[in-house]
Every structure is written in structure tokens, then in C-alpha cells.
Amino acid sequence: MGIHYYDSSPFPALTMETRLKPARAVASAGIPCLVWAEDALSFALFVPTELFALQLLVPDEDVEEAARAITSDLPYKRLAAPHPDWLDHKYIDPDQSSCFPRAVRLELTTPQLLRSEDDPVDIYLHPSSYFSFEVRDPSHSLSLVPPLSPANSALRFPTRTAFLDAVIATVLDPPLGFRHGKLGLRLGSYVSYINTYTLRARPRVLPNGDLEPEHASVLASLRPENRHWYEAKVRGKYDSWVEEVRARRAVLERIGRQTEARKPFPRNRYDIWRRCVSAPLLVRIGCSPRVA
Numbered sequence: 001m002g003i004h005y006y007d008s009s010p011f012p013a014l015t016m017e018t019r020l021k022p023a024r025a026v027a028s029a030g031i032p033c034l035v036w037a038e039d040a041l042s043f044a045l046f047v048p049t050e051l052f053a054l055q056l057l058v059p060d061e062d063v064e065e066a067a068r069a070i071t072s073d074l075p076y077k078r079l080a081a082p083h084p085d086w087l088d089h090k091y092i093d094p095d096q097s098s099c100f101p102r103a104v105r106l107e108l109t110t111p112q113l114l115r116s117e118d119d120p121v122d123i124y125l126h127p128s129s130y131f132s133f134e135v136r137d138p139s140h141s142l143s144l145v146p147p148l149s150p151a152n153s154a155l156r157f158p159t160r161t162a163f164l165d166a167v168i169a170t171v172l173d174p175p176l177g178f179r180h181g182k183l184g185l186r187l188g189s190y191v192s193y194i195n196t197y198t199l200r201a202r203p204r205v206l207p208n209g210d211l212e213p214e215h216a217s218v219l220a221s222l223r224p225e226n227r228h229w230y231e232a233k234v235r236g237k238y239d240s241w242v243e244e245v246r247a248r249r250a251v252l253e254r255i256g257r258q259t260e261a262r263k264p265f266p267r268n269r270y271d272i273w274r275r276c277v278s279a280p281l282l283v284r285i286g287c288s289p290r291v292a
């Protein structure tokens, strides 16, 4: 069975309109709002992914106000506990840290029998800096009106380039200060979706060693510090997360962004766990990612 490509969102307009009700409540409160994650992939980039929690990016200072805008207008309540899906694997992080400690989580309160199947059950409101995304810069996003109704005019969706830049920056400069296993896997899947469903030409690498033109164009559109990681993924020559962090920082140093290049190196709990489980039993005793 081959890949089926889409030239529009695989979801009908009614599904999109229903999913975006909470986002419209945020925008109606005058808060810049960018639709993120699976909804952005599907609605703006035509990726046939399932839809999970609705994730929205808003300016850092507006997260609380955005939460109030939704809960005052729609049947959602705020939850303090992080969703289990976003707690890291216990074998990597015994504390099972949440990958979204700065996000506000909301949950639908409508009884099960009265819900639309398209209502987002969970919502995450993220401070946009967590993903290194400037939601107020219109060059990084686009409107989907049309095909969406004019009621969605204030909503923004990331461009392909902006989506990739944000994901790569989050992977290689994790805002938590350490590599989060579950988040890294999810973000990596987003890049795979984009490469599979929005870049149709094959092979990705031509016989002469050059990237296929469309892939090369995407690579050139990225921020300089994010290109090494992306090209390594496209070519199938990805080495290791640590080496990619170093490569990114070398570029930042070279282009004069020393503050970013010389930040404390993020901890890599996953590699510590991997070394532990591959070591002899006596060496493994007492080995814990907490020392990372």
C-alpha cells in the first residue's frame, strides 16, 4: 500500500471548525494564537495524522489570560496534574518529569454522551518561547481563511519552515535543560510526517550526492543553525543527539550568537540510561539517570 498524498486537509471543514473553537475563544480575547502540533500538521500542511490534544501557542505573558478566555466561554476546566502521556519514561527519568511544566492543561467537562466526537478533550496552552516561536511575527505563520470561515481570521498556523525550525530548536536546545525522551520522540515524528507527506519527490538524495531540489529548498529555508540536523536526517546520516547539539552550537558561535552557543550543555539522560543497561550487572548497580 503506497502513500496517499493530500492537497487539502484530510479532515472536513466541520471537524476543523469544531476543533478550533477553543482557539477562537483565545483570539476573540485579543490574544495572538497559533495552532500547533497535530492540528497544525493536518489543517495547514495536509498531513493525515490523528488528532490528539489541541495545542496552542500564545505569548508567554498571555498564557493565564488565554486559559481564562477558554474556561469562561467553553466547558473546560483547568487541571493541575500533567497528562500521563507527557510524563517521561520511568526507565529514563525515575521522576517522570513532564515535558510541559510551563503549559496550562484544560479538560473538557461536557458529559461523554453530549460531546461532539470532534471536540478536543484536552488542551495545552504553551508559552510560545518554549518552542522558540515568535507568534507575533506573521512571516512565520499563515491564515487558513479560506477554506476556514471568517470567524477563524485571527488564528495562525505555522509555515512548514517555521514548524521545522521550532521543532529542531526544541530538540537541540531543550527548554527543560535536559533531553526529554517522550517529547523528543513526538517531535521527531512531526519531522518525519512533514518529510513524508509534504516532500513528494524521490529519491531524496540524487545519484551525484546532491539533495533532491525540493528537499534542498526546504533545507536552505531553515535557520543556519538548524540545517545540519535536518540534512543529516534527510540523508540518513544522523549520528547522535550530542553531536548534533555540538554542531548546532558551532554554527551559532560562527554567526556571532555567542550567548546561545555558550549556554550550559543540556543533560542527556537517555544516553546515561543506555550506557547503564549495556554495562555489566555490577556496573549497573546504582546507575540512575538522576546523576545526569
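Mapping the sequence shown onto full-length UniProt numbering, position 153 (from 1) lands on 153, and the numbers just tick up by one. Each residue gets a CB set at the ideal place from its N, CA and C atoms; glycine is no exception. Just so it is clear, the structure is predicted and the values come from calculations on it, not from any experiment.
Item to check | Given Leu183 as reference, the closest of Thr198, Val135, Asp88 once Cα atoms are compared | outcome: Walking along the sequence shown from the start, residue 183 turns up at place 183. Closest option to Leu183, Cα to Cα, is Asp88.
Item to check | Assumed close pair Glu212, Pro224 - CB separation to whole angstroms, cut-off 8 Å | outcome: The residue labelled residue 212 in the question sits at position 212 within the sequence shown. The residue labelled residue 224 in the question sits at position 224 within the sequence shown. Actually they are not in contact, since the Cβ atoms of Glu212 and Pro224 sit about 21 Å apart, beyond 8 Å.
Item to check | Of the listed residues Lys77, Val167, Arg179, nearest to Arg269 (C-alpha basis) | outcome: Taking the sequence shown and counting its residues from 1, one reaches residue 269 at position 269. The candidate whose alpha carbon is nearest that of Arg269 is Arg179.
Checklist entry - Since residue 307 and Ser141 are thought to touch, with beta carbons under 8 Å apart, how far apart are those beta carbons, to the nearest angstrom? => result Coverage of the chain is limited to positions 1 through 292, which leaves residue 307 absent and any answer about it impossible.
Next on the checklist: Using C-beta distances below 7 Å, list every residue in its chain close to Gly209, excluding the 5 sequence neighbours before and after it, in chain order.
Outcome noted: Taking the sequence shown and counting its residues from 1, one reaches residue 209 at position 209. Excluding sequence neighbours, Gly209 sits near nothing in its chain.
Checklist entry - What are the boundary residues of the alpha helix (DSSP H) that includes Asp163? => result Your numbering for residue 163 matches position 163 in the sequence shown. Asp is not the amino acid found at residue 163; the sequence shown has Phe there. Unbroken alpha helix (DSSP H) run through Phe163: 160-172.
Checklist entry - How close, in whole Å, do the beta carbons of Leu108 and Asp119 come, if the pair is a contact with beta carbons under 8 Å? => result For the purposes of this step, residue 108 is identified with residue 108 of the sequence shown, where counting begins at 1. For the purposes of this step, residue 119 is identified with residue 119 of the sequence shown, where counting begins at 1. That pair is a contact at about 6 Å.
Item to check | Rounded separation between Ser240 and Pro174 - CA only | outcome: Taking the first residue of the sequence shown as 1, we reach residue 240 at position 240. Taking the first residue of the sequence shown as 1, we reach residue 174 at position 174. Each residue's Cα considered, the two are about 15 Å apart.
Checklist entry - Are the Cβ atoms of Cys99 and Val58 separated by less than 8 Å? => result Taking the sequence shown and counting its residues from 1, one reaches residue 99 at position 99. Taking the sequence shown and counting its residues from 1, one reaches residue 58 at position 58. No, they are not a contact pair.
Item to check | Element boundaries [beta strand (DSSP E), containing Ile92] | outcome: Position 92 of the sequence shown, counted from the first residue, corresponds to residue 92. First-last for Ile92: undefined, no H or E at that position.
Checklist entry - Is the beta carbon of Thr198 sitting closer than 8 Å to the one on Leu45? => result In the sequence shown, residue 198 corresponds to position 198, counting from 1. In the sequence shown, residue 45 corresponds to position 45, counting from 1. Their beta carbons are under 8 Å apart, which means Thr198 touches Leu45 by this criterion.
Item to check | Range of the contiguous beta strand (DSSP E) that encloses Arg78 | outcome: Locating residue 78 in the sequence shown gives position 78, where the first residue counts as 1. Where Arg78 is concerned, the enclosing beta strand (DSSP E) stretches over 76-79.
Item to check | Host beta strand (DSSP E) of Asp73 (start-end) | outcome: As a first step, residue 73 must be located in the sequence shown, where it is residue number 73. From DSSP, Asp73 is part of no beta strand (DSSP E) but of the alpha helix (DSSP H) over 63-73.
Next on the checklist: Judging by CA-CA distance, which residue of Asp93, Glu231, Ser129, Tyr124 is the nearest neighbour of Ala166?
Outcome noted: Mapped onto the sequence shown, residue 166 falls at position 166. Closest option to Ala166, Cα to Cα, is Ser129.
Next on the checklist: Can you tell me whether Pro127 is helix, strand or coil according to DSSP?
Outcome noted: Locating residue 127 in the sequence shown gives position 127, where the first residue counts as 1. Reduced to three states, the DSSP call for Pro127 is strand.
Checklist entry - Do the stretch 73-87 and the stretch 35-51 meet, that is, are 3 or more Cβ pairs less than 8 Å apart? => result no
Next on the checklist: Tell me the residue span of the beta strand (DSSP E) that contains Leu54.
Outcome noted: Counting from one through the sequence shown, the residue named residue 54 turns up at place 54. Start and end: 54-58.
Item to check | Spatially closest choice to Glu38 from Arg102, Gln96, Ser28, Leu187, by CA coordinates | outcome: For the purposes of this step, residue 38 is taken as the residue at position 38 of the sequence shown. With distances taken between Cα atoms, Glu38 lies closest to Leu187.
Checklist entry - Of the choices Leu125, Asn226, Ser8, Ala169, whose alpha-carbon is the least far from that of Pro22? => result As a working mapping, residue 22 is identified with position 22 in the sequence shown. The option with the nearest alpha carbon to Pro22 is Leu125.
Checklist entry - Distance, Cα to Cα, Gln96 vs Lys90? => result Walking along the sequence shown from the start, residue 96 turns up at place 96. Walking along the sequence shown from the start, residue 90 turns up at place 90. The straight-line gap from Cα to Cα measures roughly 5 Å.
Checklist entry - Can you tell me whether DSSP reads Leu281 as helix, strand or coil? => result As a position in the sequence shown, residue 281 is number 281, starting the count at 1. Summary for Leu281: the model assigns pLDDT 45, below 50, so the residue's position carries little reliability, and this model does not support an answer.
Next on the checklist: For Phe62 and Leu114, I'd like the C-alpha separation in whole angstroms.
Outcome noted: Taking the sequence shown and counting its residues from 1, the one referred to as residue 62 is at position 62. Taking the sequence shown and counting its residues from 1, the one referred to as residue 114 is at position 114. Residue identity differs from the one stated: residue 62 is Asp in this sequence, not Phe. Roughly 31 Å separates the two Cα atoms.
Checklist entry - When the Cα of Glu134 is compared with those of Pro84, Gly256, Glu243, Val35, which residue comes out closest? => result In the sequence shown, residue 134 corresponds to position 134, counting from 1. Selected option, being the one with the closest Cα: Val35.
Checklist entry - Do Ala53 and Asp122 have their C-beta atoms within less than 8 Å of each other? => result Position 53 of the sequence shown holds residue 53. Position 122 of the sequence shown holds residue 122. Cβ distance < 8 Å, so Ala53 and Asp122 count as in contact.
Item to check | Residues near Val251 by beta carbon distance below 6 Å, same chain, minus five either side | outcome: Translated into positions along the sequence shown, residue 251 becomes position 251. Excluding sequence neighbours, Val251 sits near Pro224, Glu225.
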